[in-house]
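Undergrad: One structure, pasted below without further comment.
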Amino acid sequence: MRSVIVNIFSNGKWRKYSAAPVMLVLASIVLAQSAAKDVTPFAELLARPVAVSEKTAGVHPRLFFGKDSIPGFRAKAKGPDRELWQRTLKEIETLKRPTPDPEDEDLYKSGLDDRKPGSISQYSFAFQITQTSLAYAVEQDERYLTAARAWTMAACEMPMWGYTYNKPNVDLPPAHLLYAVAFAYDLLYDKLSPAERTIIREKLLKQGRLMYDYFKYKPGKRYTYTQNHTWIPMAGLAIAAYAIMDEVPEAKQWAQLSRAVFERTMTAFATDGYFYESFHYFGFAFRWMIRYFDAHLAATGEDLYARMKPKFDGMKYFVMHSVLPDGKNVFDFADIGDGSLNRNGTSARESIESEYDILYRLAAVYRDAEAQAVGDYLRTKTELGTREPMWAFINRDPDIKPAPLSQIPLQYYFKDNDTVFWRSDWTKNAKAFAFRCSPPEGHHAARLAASIPDWRQNTGHAHPDANSFIIWANGKYLTGDTGYLGIKQTDDHNTLLFNGRGQEKEGVYEMFKDLPNARLDQIRIGEVSSDETGIYIRGEAAAAYFPDLGVRKFNRHFMYSTKGYFVVWDEIETEKPSQATFLLNADREVKLNGSTADFINGNEALRVVRVAPVSAASEVKPQTVQARGLPGSVDKGDLETRGVQLRSTADHKQGPFEFVHVLFPYRTEDAAKLPAVKAANGGKGFQVVFGDGTSETVCLGENCGGFRSQPGRIAIHSAAGPAGGPPKSSKSH
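Okay, so the sequence shown: first residue is 341 according to this note's numbering, each after it adds one.
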């Protein structure tokens, strides 16, 4: 654990203390070495044989678990995890609705498309097959066997898998159906007639060939190793391969391709547990890495979990911190949800899931009591579910006693992906914030990518959010992001524009494509420090902007004082005089009054006080974004209004320049009691005067008069008596 240097003004002099931080945990990471000599050529990875083990050869079931596990499931369903099993049974619809019609055109449309009421997506179709199959194995109820047969055969009758208008047979829905049909074939093998087995096997062969032919390696081919459109198809293909490899020798090639791709994925995966595509895609995509690891382990005996423990360890903290205190919403960095439309209850798109079954699997594999605690918290204390509840039942090991929530760190710094989360406690009344200033896929990927010629990074779900932040307090989202975007724009985030323009290559869906990683790697958090009185973060984002804007310096100093306010101090230097715009989003309403703005969200609010510059043009506009379109046309979505935005623009172009804002979360009924903010230190700071007569004087920069701070830091004096009285204590960040 890194020490934090804290400067305290005591007995008339500054004293420097070095101590373990009480409010911050750093992710333990090892950044990548970029030496090409350490990277095995993909053709060599592909040549490595993959085969089912002697123990599982000719045996069914063997995907994920064997026949000897079924009695244990039956006992578990009646014992410690009965509630998990009942939740699985409740999710099953195959006994309540007709078998899907393979000729129904709605079956070949995205869940986001216009479809008849009651239509089922191929994702849900797949999950119904798997869960109904397991229900029969556990319950021995013939109704489940009849339904599982019917739904599996209907999937085999479909002329194609996937969407008619985007990547038919080779993308996400086909991968789901490969997995589901293979699961049913394997688990129900002894209950299927020879004719049924032949039909299912031939369908798996047909669809597996199509998937394999699309992804198979040839010189010059590149894969998106860290992206869900590679993980999911490769997992589905491998699972199908392991189900029929005894009978279909060519399926070994599918397994070899998948194993080679996942070898690269394990190398390229972030080192700190943060997932750059968003919390939504963590659940949607990472569950398939778990499925692959488990199917590969059961079929071949090779354990891929052990080497990934250092990378997976931080994942429980990413999940726990991503969920907001209300248990309904999340810190929505990158592509997730519909921003204020989700939080205001008006989104018509899919719900946000936590996929707590992932945490249960990590807990079981690593005997991790904290991961077990996070899984239990998500399942019992939040409204965020999981797409396939049977895996929570399968994965949760009741012998692992969950750690107390007090053991889960309240603050976490993901150093690879330069994102900091902080919250006051784990109750629904907690305050929480997050700050991000990172390359789109983190530093590890930025430094490694050049050494893997067969890797094409796909950062389409990443956003231009360098030096942005999200604040939650008093049960409300007070300022932050705007959700899943079809077109990525800087002004959809809480950061800055220069001359009306934002971060480089904005205005398209995949904006970071072809940008040099060496430049992106310069986007970073330069410092994080904390003590019992607050936390300080410095983001450095100049490299994020279009080079022709000439942004030499954009350092955002973000500080939270446990006395209840935030300081946002932006230091800016440009090659030629430029006009900067400060952006801040609100879910519902902003009331503007000169240099003060109140972000109103029901009975809760955030007061934003502009300290510098004294003169600027502030306005409030609807926050209009371009939403995502259908698969294959994600950048063709409709314009949507997601809240409003405060925009404060300097009144003229300048060279070196500063924005200084102070932010106070409050309840609207307490508006009259808010602290006052006064200029101080000759314009290099300000004074916060509280209702009880105490005050804090905040000094910015090198020259702080009678009290010093290190260059580029924030120094604070606390005064016990009336404003202007002698200092009680001081600190420097």
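In this text, a Cβ means the ideal position worked out from N, Cα and C, and glycines have one as well. Keep in mind that this is a model prediction, so the values were computed, not measured.
Could you give the distance in angstroms between the alpha-carbon of TRP571 and the alpha-carbon of ALA477?
TA: Roughly 28 Å separates the two Cα atoms.
Undergrad: If you drop the 5 nearest sequence neighbours on each side, which residues of the same chain put their C-beta closer than 7 Å to that of PHE633?
TA: If we look at PHE633 and ignore the five residues flanking it on each side, its Cβ neighbours are LEU644 and TYR645.
Undergrad: Is it right to say HIS992 is buried, meaning 16 or more other beta carbons lie within 10 angstroms of its own, or is it exposed?
TA: exposed
Undergrad: Below 8 Å on the Cβ atoms is my contact criterion, and I expect ASP861 with HIS783 to pass it. Report the Cβ-Cβ distance as a whole number of Å.
TA: 6 Å
Undergrad: Note down the Cα distance separating LEU544 from THR428, rounded to an integer number of angstroms.
TA: 26 Å
Undergrad: Just confirm the distance between the C-beta atoms of ARG796 and THR564, as a whole number of angstroms; I'd bet it's less than 8 Å.
TA: 6 Å
Undergrad: Where PHE624 and THR914 are concerned, what is the direct C-alpha to C-alpha distance, given to the nearest angstrom?
TA: 41 Å
Undergrad: Just grab the DSSP bridge partners of ILE1077 for me.
TA: Residue 1077 lies beyond the residue range present for the chain, which begins at 341 and ends at 1073; the question has no answer from this structure.
Undergrad: Nearest to ALA595 by CA position, among THR611, LYS556 and HIS569, is which residue?
TA: LYS556
Undergrad: Does the stretch 754–761 come close enough to the stretch 719–730 to have 3 or more Cβ pairs within less than 8 Å?
TA: no
Undergrad: Quick one, are the C-beta atoms of SER988 and ARG928 less than 8 Å apart?
TA: No. Outside cutoff.
Undergrad: Which same chain residues, not among the five before or five after GLY1052, have their C-beta less than 6 Å away from its C-beta?
TA: The pLDDT assigned to GLY1052 is 45, lower than 50, so where the model puts this residue is not dependable; a value taken from the coordinates is nonetheless given after this. No residues qualify anywhere along the chain.
Undergrad: What residue range does the alpha helix (DSSP H) around VAL299 cover?
TA: Here the chain covers residues 341 to 1073 and nothing more, so residue 299 does not appear.
Undergrad: For VAL365 and GLY977, I'd like the C-alpha separation in whole angstroms.
TA: Low confidence applies to VAL365: its pLDDT is 48, below 50, so where it sits in the model is not reliable, and the reading given next is rough at best. Their backbone Cα atoms lie some 40 Å apart in a straight line.
Undergrad: Alpha carbon to alpha carbon, how far is ALA1055 from GLN843?
TA: 30 Å
Undergrad: Sort out for me which residues DSSP pairs THR989 with in a bridge.
TA: THR921 and ALA957
Undergrad: Near GLY874, which residues of its chain fall below 7 Å by C-beta distance, leaving aside the five closest residues on each side in sequence?
TA: MET899, TYR900, SER901 and THR902
Undergrad: CA-CA distance, GLY1046 and LEU837?
TA: Only weak support is given to the placement of GLY1046: the predicted model assigns it a pLDDT of 43, under 50, and the value that follows is read from those uncertain coordinates. Taking the straight line from one Cα to the other gives about 35 Å.
Undergrad: With H, G and I counted as helix, E and B as strand and the rest as coil, what does DSSP make of ARG982?
TA: Reduced to three states, the DSSP call for ARG982 is strand.
Undergrad: Using the rule of at least 16 other Cβ atoms within 10 Å of the residue's Cβ for burial, across every protein chain shown, is GLU423 buried or exposed?
TA: exposed
Undergrad: Indicate the three-state DSSP secondary structure (helix, strand or coil) for THR936 in the structure shown.
TA: strand
Undergrad: Going by the CB atoms, is the gap between ALA581 and GLY1104 shorter than 8 Å?
TA: Lying outside 341 to 1073, the shown extent of the chain, residue 1104 is not represented and no answer is given.
Undergrad: Suppose only complete runs of 4+ residues qualify. What are the alpha helix (DSSP H) ranges in the stretch 376–423, listed by chain order?
TA: 382–387 and 410–418
Undergrad: Going by C-alpha to C-alpha distance, which of PHE671, LEU855 and LYS828 sits closest to LYS771?
TA: PHE671
Undergrad: Comparing alpha-carbon positions, which option in ARG859, ALA990 and PRO1005 lies nearest GLU998?
TA: Restricting attention to ARG859, ALA990 and PRO1005, the CA atom closest to the CA of GLU998 is found in ALA990.
Undergrad: From the DSSP secondary-structure annotation, give me the bridge partner or partners of ARG906.
TA: The amino acid occupying residue 906 in the given sequence is Phe; Arg does not appear at that position. Its beta-bridge partners are TYR900 and LEU1003.
Undergrad: Label SER1076 either buried or exposed according to how many other C-beta atoms from any shown protein chain fall within 10 Å of its C-beta, with 16 as the threshold for buried.
TA: In the structure as shown, the chain begins at 341 and stops at 1073. Residue 1076 is therefore absent and cannot be evaluated.
Undergrad: So, ALA952 versus VAL1029, is the Cβ gap smaller than 8 Å?
TA: no
Undergrad: Which of the three DSSP states, helix, strand or coil, is assigned to VAL705?
TA: In this structure, VAL705 counts as helix in the three-state DSSP scheme.
Undergrad: Could you pull the start and end residues of the beta strand (DSSP E) that GLY826 belongs to?
TA: Premise fails: GLY826 is in no beta strand (DSSP E) and is neither H nor E.
Undergrad: What separation, rounded to the nearest whole angstrom, lies between the Cα atoms of ALA589 and ILE630?
TA: Residue identity check: residue 589 is Pro in the sequence provided, not Ala. When rounded, the distance between both Cα atoms is 25 Å.
Undergrad: Is it a yes or a no for the stretch 397–408 touching the stretch 697–704, going by three-plus beta-carbon pairs under 8 Å?
TA: No: the two stretches stay apart, fewer than three of their Cβ pairs being nearer than 8 Å.
Undergrad: Quick one: complete beta strand (DSSP E) runs, 3+ long, within the stretch 761–832?
TA: 772–776, 808–813 and 816–819
Undergrad: Would you kindly report the start and end of the unbroken alpha helix (DSSP H) that includes LYS649?
TA: Per DSSP, LYS649 belongs to the alpha helix (DSSP H) from 645–652.
Undergrad: Go ahead and pull the three-state DSSP assignment for PRO513.
TA: helix
Undergrad: Should GLU642 go down as buried or exposed, given a rule of 16 or more other Cβ atoms within 10 Å for buried?
TA: exposed
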